[in-house]
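Notes to accompany the following structure.
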Amino acid sequence: MTTNMKVEEKRLQKTKISGASMLIEALKAEKVEVIFGYPGGAVLPIYDKLYDSGVFHVLTRHEQGAIHAAEGYARIAGKPGVVIATSGPGATNIVTGLTDAMIDSIPLVVFTGQVASHVIGSDAFQEADVVGITMPITKHNYQVRDINELPKIIKEAFHIATTGRPGPVLIDIPKDITVCEAEFDYEQEVKLPGYQPTIRPNHLQIRKLVEAVSQAKKPVILAGAGVLHANAADELKQYAEQQHIPVIHTLLGLGGFPADHPLFLGMAGMHGTYTANMALYECDLLINIGARFDDRVTGNLKYFAPKATVAHIDIDPAEIGKNVPTQIPVVGDAKEALKELIHQEGRPGDTAAWHEQLKKWKQEYPLVYKNDTSTIKPQKLIELLYELTGGEAIVTTDVGQHQMWAAQYYKFTKPHRWVTSGGLGTMGFGLPAAIGAQLAEPKATVVSIVGDAGFQMTLQELSVIHELNLPIKVVIVNNQSLGMVRQWQELFYEKRYSHSLIPNQPDFIKLAEAYNIKGFRAKNEEEAVRVLKEAFSTNEPVLLDFHVTADENVYPMVAPGKGLHEMVGVKL
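Reminder that position 130 of the sequence shown reads as 144 in the working numbering, one-by-one numbering, no gaps.
Right under this line is the structure:
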């Protein structure tokens with residue numbers, strides 16, 4: 015903290031200021047660069063102080079847009095996203111985003127307005143029990159009842175959101191707290207005896223893992239988003255190369271290890287590569303670094319890594335052994351654990367035959383699709399985007415088929431370039447998340463790949479993109495359906511397409527024009543190449559409507575209840 019800021023804080027401490035002013039000063043002290051929010055009655059005192067505060071605020075067109083934008087910002091900036099919403103419906107509109115951030119470990123600090131303290135519990139206008147509603151979907155939440163506690167609570171919230179396993183923290187502030195006054199003290203140390211995340215791993219557990227690696231003949235690393243949260247991509251690469259261990263990613267882990275590296279096997283799980291899934295099935299040592307062992311990754315647990323000794327490195331001890339029995343638990347930060355492993359300089363076992371097998375699988379079972387230039391194959395569209403951006407773009411997605419194709423065919427070689435909703439699978443996530451990502455890195459190329467269905471859940475945020483002139487390229491993978499729902503109905507419900515087909519779509523180009531954004535449409539590969547070049551030649555927002563092959567499915571696929579070795583669609 016600079017000398018000037020300390021002097022200003024001491025001045026504020028001697029003067030009583032309102033709760034709303036305290037909030038603004040605390041955000042400044044936390045070096046918050048942007049707030050996403052939507053005003054309403056219960057937060058009017060806060061917005062009045064925001065008016066001339068100098069703090070940049072983005073008015074999204076819906077509270078769900080605000081919290082997803084904050085998630086996108088947090089994922090790229092590596093800082094907590096900050097959200098303000100009013101009481102009642104304003105607060106309940108962010109519930110989906112809180113759940114999304116909780117399950118994907120995204121640091122957020124969310125402020126909700128609340129009715130005045132003396133009417134809480136009386137069913138007052140726009141009252142909702144936000145603390146009760148959000149308790150299961152936040153890392154921690156507060157309701158402020160004493161203005162003198164407000165500075166301490168805000169400081170604790172930022173600490174909790176960003177340390178240990180990151181996550182969302184909510185502060186519910188009654189309206190009277192924002193207008194009454196007290197002295198402002200933000201220099202207090204955070205003291206939370208019951209919250210002491212383990213950062214440094216246990217030395218003995220590290221030694222056990224080193225010994226296991228030296229004896230393994232078929233080792234594999236499964237790397238999750240924990241690697242990215244810990245900024246441990248360099249250490250992961252160094253360790254994998256040192257021990258010559260192949261690396262597999264979860265959906266959220268993509269970018270934590272270069273996709274063009276010889277040791278990379280691809281993404282695992284329901285729509286993972288053949289090589290990645292077979293490696294998990296056949297390995298004799300599985301080293302999980304910062305992944306949850308989610309059901310979409312493991313498939314039927316009966317067949318998951320059945321021959322392997324399992325080691326699990328995770329900063330959250332609750333995740334270790336939760337889904338998969340673990341023989342070598344290592345509680346700690348991924349970066350610190352990898353540093354220790356690298357320092358140990360253990361010797362890898364005899365893995366020559368294993369690497370030959372992996373090489374053979376890669377050659378025999380690559381990701382494949384039947385191309386047809388008379389239409390636009392969605393897989394080809396992702397490949398075109400990858401080539402055009404040189405793999406350097408920040409890619410945000412919604413959820414569904416287009417998300418899986420983006421994960422499969424856009425090769426992420428750097429961390430913090432992939433922004434998607436993983437555990438919750440939230441439609442409507444991609445567009446507002448792109449806003450947050452672009453604000454986090456203004457000079458980056460940001461591509462929001464969305465489905466025609468999910469796009470319509472938060473399309474109003476086009477207004478924000480135009481207002482701020484954010485050069486986001488919105489790519490609609492338009493198959494006129496709820497694509498993944500349609501795929502499941504085709505494969506498992508005898509092609510009974512119950513409410514999954516959407517033939518009467520709006521004219522997305524006219525919609526873009528209504529928001530004063532350029533729009534282009536393409537219906538075959540030649541048109542796709544042309545409009546992509548035109549769109550990416552401008553430093554303005556552009557919406558692209560690609561009419562892709564409507565009945566294309568995502569393969570490989572592990573059906574529900576099947577093991578990872580029971581993939582279908584691995585060959586044309």
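Note that CB positions come from ideal geometry on N, CA and C, so glycine has one too.
Residue i and residue j look like a contact to me (Cβ under 8 Å); what is the Cβ gap, rounded to whole Å?
| i | j | result |
| --- | --- | --- |
| residue 408 | residue 472 | No, residue 408 and residue 472 are not in contact; Cβ-Cβ is about 18 Å, not under 8 Å. |
| residue 128 | residue 56 | 6 Å |
| residue 116 | residue 169 | So it is not a contact: roughly 21 Å between Cβ atoms. |
| residue 329 | residue 240 | 7 Å |
| residue 95 | residue 88 | 4 Å |
| residue 148 | residue 109 | 7 Å |
| residue 111 | residue 141 | 21 Å between Cβ atoms; not a contact. |
| residue 480 | residue 90 | Actually they are not in contact, since the Cβ atoms of residue 480 and residue 90 sit about 21 Å apart, beyond 8 Å. |
| residue 372 | residue 279 | 7 Å |
Excluding the 5 residues preceding and the 5 following residue i in the sequence, name in chain order all residues of the same chain whose CB lies nearer than 8 Å to its CB.
| i | result |
| --- | --- |
| residue 310 | 265, 283 and 284 |
| residue 533 | 522, 523, 524, 525, 526, 527, 556, 557, 558 and 559 |
| residue 335 | 326 and 343 |
Going by the CB atoms, is the gap between residue j and residue i shorter than 8 Å?
| i | j | result |
| --- | --- | --- |
| residue 258 | residue 365 | yes |
| residue 426 | residue 218 | no |
| residue 476 | residue 494 | no |
| residue 416 | residue 464 | yes |
| residue 349 | residue 245 | yes |
| residue 97 | residue 51 | yes |
| residue 342 | residue 256 | no |
| residue 186 | residue 126 | yes |
| residue 121 | residue 181 | yes |
| residue 234 | residue 297 | yes |
| residue 188 | residue 131 | yes |
| residue 402 | residue 550 | yes |
| residue 106 | residue 386 | no |
For residue i, collect the residues of the same chain with a Cβ closer than 6 Å to its Cβ; drop the 5 residues on either side in sequence, then sort them by chain order.
| i | result |
| --- | --- |
| residue 70 | 48 |
| residue 536 | 542, 545 and 560 |
| residue 452 | 460, 484 and 486 |
| residue 228 | 360, 361 and 363 |
| residue 331 | 345 |
| residue 554 | 485 |
| residue 626 | Outside the shown range of the chain (15 to 586) lies residue 626, about which nothing can therefore be said. |
| residue 145 | 155, 157 and 186 |
| residue 583 | 569, 570 and 571 |
Taking just the CA atoms, how far does residue j sit from residue i?
| i | j | result |
| --- | --- | --- |
| residue 199 | residue 172 | 16 Å |
| residue 420 | residue 165 | 43 Å |
| residue 253 | residue 303 | 12 Å |
| residue 286 | residue 230 | 24 Å |
| residue 317 | residue 324 | 14 Å |
| residue 275 | residue 251 | 9 Å |
| residue 295 | residue 321 | 8 Å |
| residue 442 | residue 413 | 8 Å |
| residue 531 | residue 162 | 47 Å |
| residue 81 | residue 192 | 22 Å |
| residue 100 | residue 511 | 40 Å |
| residue 627 | residue 567 | Since the displayed the chain opens at 15 and closes at 586, residue 627 lies outside it and no answer follows. |
| residue 196 | residue 160 | 10 Å |
| residue 433 | residue 151 | 20 Å |
Let me check one thing: in DSSP terms, what residues is residue i bridge-paired to?
| i | result |
| --- | --- |
| residue 188 | 128 |
| residue 32 | 195 |
| residue 182 | 122 |
| residue 410 | 433 and 462 |
| residue 495 | 515 |
| residue 557 | 488 and 533 |
| residue 157 | 186 |
| residue 50 | 72 and 97 |
| residue 235 | 261 and 301 |
| residue 280 | 262 |
| residue 143 | Residue 143 pairs with nothing; no bridge assigned. |
| residue 323 | 299 |
| residue 328 | 345 |
| residue 582 | 571 |
By Cβ distance, which residues of its chain are closer than 7 Å to residue i, with the 5 residues on each side in sequence left out?
| i | result |
| --- | --- |
| residue 576 | 313 and 314 |
| residue 548 | 534 |
| residue 383 | 391 and 393 |
| residue 226 | 299, 323, 325 and 342 |
| residue 83 | 50, 72, 74, 446, 447, 449 and 450 |
| residue 273 | 425, 426 and 427 |
| residue 288 | 375, 379, 570, 581 and 584 |
| residue 586 | 382 and 384 |
| residue 35 | 63 |
| residue 354 | 215 and 220 |
| residue 400 | 423, 424 and 425 |
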